[in-house]
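Chemist: So for the sequence shown, this note's numbering puts the first residue at 73; every next one is plus one. Here it is, the structure, as structure tokens.
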Amino acid sequence: NGLRVFTPLFLVLIMIELSDLIFAVDSIPAIFAITTDPFVVFTSNIFAILGLRAMYFMLAGMADRFHLLKYGLAMVLVFVGSKMLIVDFYKIPVGLSLGIVGLIIASFMFASLWVTRKPSASS
């Protein structure tokens, strides 16, 4: 009859979109630790909203392979928080900040790959 109703699937869709929005807003303090340029903050959050759901399935499939990455991300959060606390006393250059974050993430990714590697046939 052309009647539109809300189904449980609609509620699931609302929850997924709400979680996308929460994760995008959650990343704003991390972006402000790197830059205060409004254009960079706005565009990075738009890309975060667009890419989060697409990357979830890839990351969920690889979560067991990078099991140490959660500790690396915790270290990144500590670094970003510390940087935000000391910004009035000492300004860490943007390039150095990004380098440190990249080094932490790469180190824990390689450590995870090293720990979970399969032994070779000769070993």
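Don't be surprised by glycine CBs; every beta carbon is placed ideally from N, CA and C. As the structure is a computational prediction, the values presented were derived from the model and not from experiment.
Thinking C-alpha only, which one of L81, M156, V150 and R137 is nearest T188?
Modeler: Here residue 188 refers to the residue found at position 116 of the sequence shown. Of the listed residues, the one whose Cα sits closest to T188 is R137.
Chemist: Closer than 7 Å by C-beta to S169: which residues in its own chain qualify, once you throw out the five before and the five after it? Chain order, please.
Modeler: Here residue 169 refers to the residue found at position 97 of the sequence shown. Contacts found: I106 and K155.
Chemist: Buried or exposed: where does F129 fall if 16 or more other Cβ atoms within 10 Å of its Cβ makes it buried?
Modeler: As a first step, residue 129 is located in the sequence shown; it is residue number 57 there, counting from the start. The residue in question, F129, is exposed, as its Cβ has fewer than 16 Cβ neighbours within 10 Å.
Chemist: On the three-state DSSP scale, how would you describe N73?
Modeler: One-based indexing of the sequence shown puts residue 73 at position 1. In the structure shown, N73 sits in coil (DSSP, three-state: anything other than H, G, I, E or B).
Chemist: For L93 and P191, what's the separation of their Cα atoms in angstroms?
Modeler: For the purposes of this step, residue 93 is taken as the residue at position 21 of the sequence shown. For the purposes of this step, residue 191 is taken as the residue at position 119 of the sequence shown. Taking the straight line from one Cα to the other gives about 42 Å.
Chemist: Relative to the C-alpha of G171, which candidate in L124, V152, G74 and D98 has its C-alpha closest?
Modeler: Counting from 1 along the sequence shown, the entry for residue 171 is found at position 99. Nearest C-alpha to G171: V152.
Chemist: Check for me: the alpha helix (DSSP H) holding L145 runs from which residue to which?
Modeler: Position 73 of the sequence shown, counted from the first residue, corresponds to residue 145. L141 to I158 is the span of the alpha helix (DSSP H), which, as asked, contains L145.
Chemist: Can you name the start and end residues of the alpha helix (DSSP H) that I176 belongs to?
Modeler: As a position in the sequence shown, residue 176 is number 104, starting the count at 1. First-last of the alpha helix (DSSP H) with I176: V166 to V187.
Chemist: Check T115 in the structure and name its three-state DSSP category.
Modeler: For this step, residue 115 is matched to residue 43 along the sequence shown. Three-state DSSP puts T115 in a helix.
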